[in-house]
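Residue numbers (my numbering): 18 to 89.
Even glycine gets a Cβ: it sits at the ideal position worked out from N, Cα and C.
What follows is a short report on a single structure.
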Amino acid sequence: MKVSVDRTKCEGYAKCVQAAPKVFKLDEKFISVVIDPKGDSDERILLAAKVCPTKAIILDEEEGGKRIFPLP
């Protein structure tokens, strides 16, 4: 799964860091960044995306790039 953060949407709530601390961290501007897209299970990463209040976490399939979350 490809994991990315829309840095224009992230407001630094850090819910993703709480849900998957091996995958996400906040940078010096308190914006989420992906530190290891394979750092946790797909289920935990999906949970992190779902709990993001601004829906800033984007999950796509590795092969084909089909959007997993958020759905259009």
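By the DSSP assignment, the alpha helix (DSSP H) with residue i in it spans what residues?
i          : result
residue 77 : Not the alpha helix (DSSP H): residue 77 falls in the beta strand (DSSP E), residues 74-77.
residue 51 : From DSSP, residue 51 is part of no alpha helix (DSSP H) but of the beta strand (DSSP E) over 49-51.
Among the residues of its own chain, which have a CB less than 6 angstroms from the CB of residue i, if the five just before and after it don't count?
i          : result
residue 59 : 18
residue 73 : 22, 23, 26, 27
residue 84 : 77
What residue does the beta strand (DSSP E) around residue i start on, and which one ends it?
i          : result
residue 84 : 84-86
residue 67 : Note, residue 67: premise wrong, no beta strand (DSSP E); alpha helix (DSSP H) at 59-68.
residue 19 : 19-22
Quick check: what's the CA-CA separation for residue i versus residue j?
i          : j          : result
residue 45 : residue 29 : 11 angstroms
residue 35 : residue 63 : 13 angstroms
residue 52 : residue 76 : 15 angstroms
For residue i, which residues in the same chain have their Cβ closer than 8 angstroms to its Cβ, ignoring the five residues on either side in sequence?
i          : result
residue 61 : 36, 37, 40
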